[in-house]
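Last residue of the sequence shown: number 385 in my numbering, and the count goes up by one each step with no gaps.
Glycine is no exception: its CB is placed at the ideal position from the N, C-alpha and C atoms.
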Amino acid sequence: MAPSFKPLVFSGVQPTGNLHLGNYLGAIVKFVELQNSHDCIYCVVDLHAITVWQDPAELTKSIREVTAAFIACGIDPKKHIVFNQSQVHEHAELAWIFNCVARLGWLNRMTQFKEKAGKDRENVSVGLYAYPNLMAADIHAYRATHVPVGEDQKQHLELARDIAQKFNTDFGASIAAHGFGEAFFPLPEPLIQGPATRVMSLRDGAKKMSKSDASDYSRINLTDDADAIAQKVRKAKTDPEPLPSEEKGLEKRPEADNLVGIYAALHNKTKSDVLNEFGGGQFSTFKTALADLAVAKLGPIGAEMKRLVQDPAHIDAILRDGSRRASAIAAETMKAVKDIVGFVH
Ligand code: TRP
């Protein structure tokens with residue numbers, strides 16, 4: 041019988057540059073929702089961020105900004121845990137163990153690494169390559185069972201499962217001998233759902249909305265004010281056809297599909313509901329409604345983020361408290377891992 045583990049949610053967001061609508065609809069909305077059904081741990085993954093160069097002052101600012109975004113979006117850091125990764129040394133420690141569990145062949149298959157490294161593979165950091173092992177350590181340090189992530193992280197999560205599986209098998213006898221039963225790490229499940237798990241660029245429906253896109257018109261940032269949001273929606277790329285009345289009509293119309301998906305996700309409706317209302321109509325009408333909705337939903341979040349980042353001491357205190365509580369759990373796991381592996385401690 042498969043051993044049962046206490047349900048626990050873990051996820052991470054990198055503190056690199058602006059958070060945008062894609063981060064919000066693809067991940068944070070889900071984080072907020074899961075608080076009602078699960079214990080949740082949400083991590084600002086600063087160790088992941090430095091796998092590519094980060095300006096130190098900007099990094100500090102981004103760590104506080106992501107924390108502020110979590111809180112402004114409705115994550116409760118008292119009921120759950122919000123912290124930054126570098127304050128809990130077990131992440132790095134467990135990642136080393138996983139460097140020795142994961143196989144080179146597994147990492148060589150990671151498509152995100154291939155994309156990020158591009159042609160300059162000789163010149164990217166070793167950390168960028170080993171990044172999925174650190175992500176596995178983030179999850180397994182808490183023996184988390186559920187991981188809300190965007191589509192793009194699915195492969196990394198499969199790797200985290202492979203690592204758990206191999207650890208459980210390789211050390212099976214030791215795990216049992218130390219009284220942990222048949223398996224020490226659960227195989228974490230990805231939670232990838234909703235009408236807008238993949239929010240696309242407002243300038244090109246084939247590209248993901250991204251903080252690294254050169255055009256700020258390609259994305260809606262969580263801190264954009266009402267004017268900026270309205271203008272970006274108005275200028276969003278569309279096609280000359282009116283909106284279809286059925287979801288099937290969105291096929292091969294990536295820009296229309298994206299905007300309808302965003303509207304649906306912001307309104308907690310299905311795309312089909314949205315098309316019932318706007319199908320057959322012009323984009324201009326729909327865009328006005330979308331801009332109003334986006335301003336209503338995101339405006340208060342942006343305002344709250346701006347308020348929160350003005351008091352860095354308060355944010356830092358939240359992160360310290362979260363890190364302390366996270367450490368207590370991760371230290372237990374690490375102690376057991378040391379026993380299982382055979383270290384003296
Ligand atoms: N790699 C994730 C991203 O870039 C962030 C992340 C790091 C993460 N560790 C994690 C997500 C653990 C889920 C669980 O979006």
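Alpha-carbon to alpha-carbon, residue j and residue i
{"i": "D256", "j": "A135", "result": "35 Å"}
{"i": "D210", "j": "K119", "result": "36 Å"}
{"i": "V314", "j": "A331", "result": "14 Å"}
{"i": "A353", "j": "N173", "result": "32 Å"}
{"i": "A157", "j": "Y171", "result": "12 Å"}
{"i": "R347", "j": "T263", "result": "11 Å"}
{"i": "A305", "j": "L65", "result": "7 Å"}
{"i": "Q94", "j": "L48", "result": "31 Å"}
{"i": "I341", "j": "H307", "result": "15 Å"}
{"i": "H131", "j": "A177", "result": "6 Å"}
{"i": "F50", "j": "E162", "result": "33 Å"}
{"i": "S241", "j": "Q233", "result": "19 Å"}
{"i": "V189", "j": "L197", "result": "9 Å"}
{"i": "T107", "j": "C113", "result": "10 Å"}
{"i": "E133", "j": "R364", "result": "17 Å"}
{"i": "P230", "j": "D79", "result": "16 Å"}
{"i": "A184", "j": "A223", "result": "14 Å"}
{"i": "V300", "j": "T278", "result": "11 Å"}
{"i": "G212", "j": "L168", "result": "30 Å"}
{"i": "A336", "j": "H60", "result": "15 Å"}
{"i": "S33", "j": "V53", "result": "For the chain, the structure presents residues 41 to 385; residue 33 sits outside this window and is missing."}
{"i": "I260", "j": "I137", "result": "39 Å"}
{"i": "V166", "j": "N139", "result": "11 Å"}
{"i": "K154", "j": "G145", "result": "13 Å"}
{"i": "K206", "j": "S285", "result": "49 Å"}
{"i": "R104", "j": "M175", "result": "21 Å"}
{"i": "K194", "j": "D86", "result": "20 Å"}
{"i": "A7", "j": "N58", "result": "The chain is shown only over 41 to 385; residue 7 falls outside these bounds and no answer can be derived."}
{"i": "S367", "j": "F123", "result": "10 Å"}
{"i": "K288", "j": "D297", "result": "10 Å"}
{"i": "V69", "j": "F110", "result": "10 Å"}
{"i": "G324", "j": "Y303", "result": "Sequence check: residue 324 is Ser here, not Gly. C-alpha separation (whole angstroms): 14 Å."}
{"i": "A67", "j": "P228", "result": "16 Å"}
{"i": "L147", "j": "K159", "result": "17 Å"}
{"i": "K309", "j": "G382", "result": "52 Å"}
{"i": "S102", "j": "D361", "result": "19 Å"}
{"i": "A329", "j": "E317", "result": "11 Å"}
{"i": "W280", "j": "L333", "result": "Residue identity check: residue 280 is Pro in the sequence provided, not Trp. So the alpha carbons of these two residues sit roughly 23 Å apart."}
{"i": "E98", "j": "S258", "result": "22 Å"}
Reduced DSSP secondary structure (H/G/I, E/B, other) of residue i
{"i": "S51", "result": "strand"}
{"i": "K248", "result": "strand"}
{"i": "V377", "result": "helix"}
{"i": "P340", "result": "helix"}
{"i": "M150", "result": "coil"}
{"i": "N58", "result": "coil"}
{"i": "E229", "result": "strand"}
{"i": "F123", "result": "strand"}
{"i": "P188", "result": "strand"}
{"i": "L261", "result": "Note that residue 261 is Asn in the sequence shown here, rather than Leu. Strand at N261."}
Cβ separation of residue i and residue j, assumed to be a contact under 8 Å, to the nearest whole Å
{"i": "A370", "j": "Y82", "result": "About 14 Å; that fails the 8 Å criterion."}
{"i": "P226", "j": "F45", "result": "4 Å"}
{"i": "M249", "j": "G62", "result": "4 Å"}
{"i": "K327", "j": "A276", "result": "7 Å"}
{"i": "E191", "j": "R238", "result": "5 Å"}
{"i": "I380", "j": "I215", "result": "6 Å"}
{"i": "Q152", "j": "I115", "result": "Contact doesn't hold; Cβ gap of about 25 Å is too wide."}
{"i": "L359", "j": "Q127", "result": "7 Å"}
{"i": "V84", "j": "P117", "result": "With a Cβ gap of about 11 Å, V84 and P117 do not count as contacting."}
{"i": "F220", "j": "A357", "result": "The pair is not a contact, with the Cβ atoms about 35 Å apart (cut-off 8 Å)."}
{"i": "V141", "j": "I203", "result": "5 Å"}
> At what residue ranges does the region 76-102 contain a whole run of the alpha helix (DSSP H), taking only runs of 4 or more?
Replying inline: 86-89
> Where in the region 296-366 do unbroken runs of the alpha helix (DSSP H), each at least 4 residues long, occur, reported from the N-terminal end onward?
Replying inline: 311-318 and 323-349
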